[in-house]
Amino acid sequence: MDRQGNTYTFLYASVMVIVVAAILAFLAQSLKPMQDKNAAVAKKMDILKSVQIESTAADAEVKFEKYIGSNAYVLNINGEKQSGMEAFTVDLAKEVKKSDAERAYPIYECKLDNGSVKYIIPVRGKGLWGPIWGYVSLNDDKNTVFGAIFGHKGETPGLGAEITTPMFQDPFKGKQLFDQGGSFASIEVVKQGQSQGDLHKVDGISGGTITSVGVGTMLEDCLVGYEKFLKN
Amino acid sequence: MSSEKEPLFSAKNLKLITTPLGAQNPITIQVLGICSALAVTVKLEPAIVLSISVMFVTVFSNLIISLLRNTIPSRIRIIVQLVVVASLVIIVDQVLKAFAYEVSLQLSVFVGLIITNCIIMGRLEAFALGNKPWPAVLDGIGNGAGYGFILIVVAFFRELFGTGNLTLPGLGAIQVIPDVFYEWGYANNGFMILPPMALVVVGIIIWVQRSRDKDLIES
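Here the protein sequences come in this chain order: D and R. For the first sequence, UniProt numbering gives the first residue as 1, with consecutive numbering after it. For the second sequence, UniProt numbering gives the first residue as 1, with consecutive numbering after it.
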């Protein structure tokens, strides 16, 4: 056949694309279980980190089982436990798009070595370039923040991406979700230096304003649905 | 012209591996692939992983294109090359996500960007399309190694002087500069971690290389 002709060229391209598609589809399918497991382990490491338990990919599952195990459940807006749903498999990316009343609210209960109980709430929102997420852990008064960690898909390195650093995350410790009158006040991320002495404000990152504000919005948006549960 | 007569590692074939390491280095002489050299050389581990990934892609894309070279319609040869390179990159990306998850997070977009690495398309156009599979594989090894070598050297100096550690795959961060140095007043150079220093380090390597090999100096 004429190697420079149209028929040959079309045939060549078609066959090539089909062969390549088949190879890649097969590969993606066969590697998927391992990739999903890696993602699950990374999620467990994040959850544990929010209560200041350091873990590695190797021991994350054991530690998760030890400290949290099956003490995780899904709530509705009224703070009632929902049966038939597993907290760990709730896809927050889908949930945050629903209205507050329809959302599923996963929560993890963690029992530390010293016997104290912490509540871990996953949050998810928007940064500047893409999704941001995090885990906020509360003391057993269901008000005071015990720890918070954040992650992001593609915030600007050195600016917005700093939300993953202790410099940004540590000030959340000790902040409170409810004001003295008992109404939900969330935690706001404000301009640097303006949070001093305020239980509901945390310093943002200069140059990373949109990401910082995104964290504040994310916290308010995701935590307000837990109000009834936390007040109980 | 049968290749049986020529030994696999003849002087001519060996040269395919050695010239990209030195006189035809893709980064320092041809100044290709600079982008990833800036981005992933903060730590040694991602640099090593990316080097291996790029080498995998250069070797196999060279091999595949060389095997197909007589069948590829010349009008769509760039598209064919792109499909081959893109598929190999997806394979690397998927395998890393399955077996080296944390490193794949660190490398993030740069694995995908291997597709746009000029070294790969350059070698396909310039070499694989006109040569037999075995020399093409050697050329792939040589260019992958030439790229990786520079990446690793840059990452070595940046991590060592920037953080005092060296991160190796499977071993984690190893502190190289002893604590006693810090007590004497030594401080890590935070500037080394920033992207501009990668350019400066590459520049120093080019300077050293050209001062040793005068033939490389353009008139």
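For glycine and all other residues, C-beta sits at the position ideal for the given N, C-alpha and C. Predicted, not measured: the structure shown is a model, and the values here were computed from it.
Using a Cβ-Cβ cut-off of 8 Å, state whether residue i counts as contacting chain D.
i        : result
Ala98/R  : yes
Val202/R : no
Val83/R  : yes
Val208/R : no
Ser53/R  : no
Pro73/R  : yes
Gln94/R  : yes
Tyr186/R : no
Thr18/R  : no
Val102/R : First, the amino acid is wrong: residue 102/R is Glu here, not Val. At least one chain D Cβ lies under 8 Å of Glu102/R.
Ser10/R  : no
Val89/R  : no
Evaluate residue i with the Cβ neighbour count: other Cβ atoms within 10 Å of its Cβ, from every protein chain shown; 16 or more gives buried, anything less gives exposed.
i        : result
Lys175/D : buried
Leu129/R : buried
Thr116/R : exposed
Arg3/D   : exposed
Ile174/R : exposed
Met197/R : buried
Asp139/R : buried
Thr163/R : buried
Phe99/R  : exposed
Met45/D  : buried
Asn38/D  : buried
Met167/D : exposed
Does the beta carbon of residue i come closer than 8 Å to any beta carbon on chain R?
i             : result
Arg3/D        : yes
Asn78/D       : no
Tyr8/D        : yes
Ile23/D       : yes
Asn139/D      : no
Val74/D       : no
Gln29/D       : no
residue 236/D : Within the shown structure, residues of chain D are numbered from 1 to 232, placing residue 236/D beyond reach of any answer.
Tyr12/D       : yes
By DSSP, does residue i sit in helix, in strand, or in coil?
i        : result
Asn143/D : coil
Ala145/R : helix
Ala173/R : strand
Trp207/R : helix
Tyr182/R : helix
Thr167/R : strand
Asp59/D  : coil
Ser206/D : coil
Lys126/D : strand
Ile47/D  : helix
Met1/R   : Confidence in Met1/R is poor, its pLDDT being 43 and thus under 50, which makes the residue's placement too unreliable to answer from.
Gly134/D : strand
Phe9/R   : coil
Taking Cβ positions, are residue i and residue j nearer each other than 8 Å?
i        : j        : result
Pro131/D : Lys98/D  : no
Thr167/R : Lys43/R  : yes
Gly127/D : Thr211/D : yes
Thr58/R  : Asn143/R : yes
Val90/D  : Ala60/D  : no
Met121/R : Val85/R  : yes
Leu177/D : Ile187/D : yes
Asn62/R  : Phe9/R   : no
Leu48/D  : Phe64/D  : yes
Gly112/R : Val89/R  : yes
Phe229/D : Gly79/D  : yes
Any contact of the stretch 98-116 of chain D with the stretch 18-29 of chain R, i.e. 3+ C-beta pairs under 8 Å?
no
Taking one C-beta from the stretch 134-150 of chain D and one from the stretch 110-121 of chain D each time, how about it: are there three or more such pairs within less than 8 Å?
yes
How do the stretch 95-112 of chain R and the stretch 121-136 of chain R stand: do at least 3 beta-carbon pairs fall below 8 Å, yes or no?
no
For the stretch 144-157 of chain R against the stretch 67-77 of chain R, do three or more pairs of beta-carbon atoms, one drawn from each stretch, fall closer than 8 Å, so that the two count as touching?
no
Inspect the CB distances between the stretch 143-152 of chain D and the stretch 37-54 of chain D and report whether three or more fall short of 8 Å.
yes
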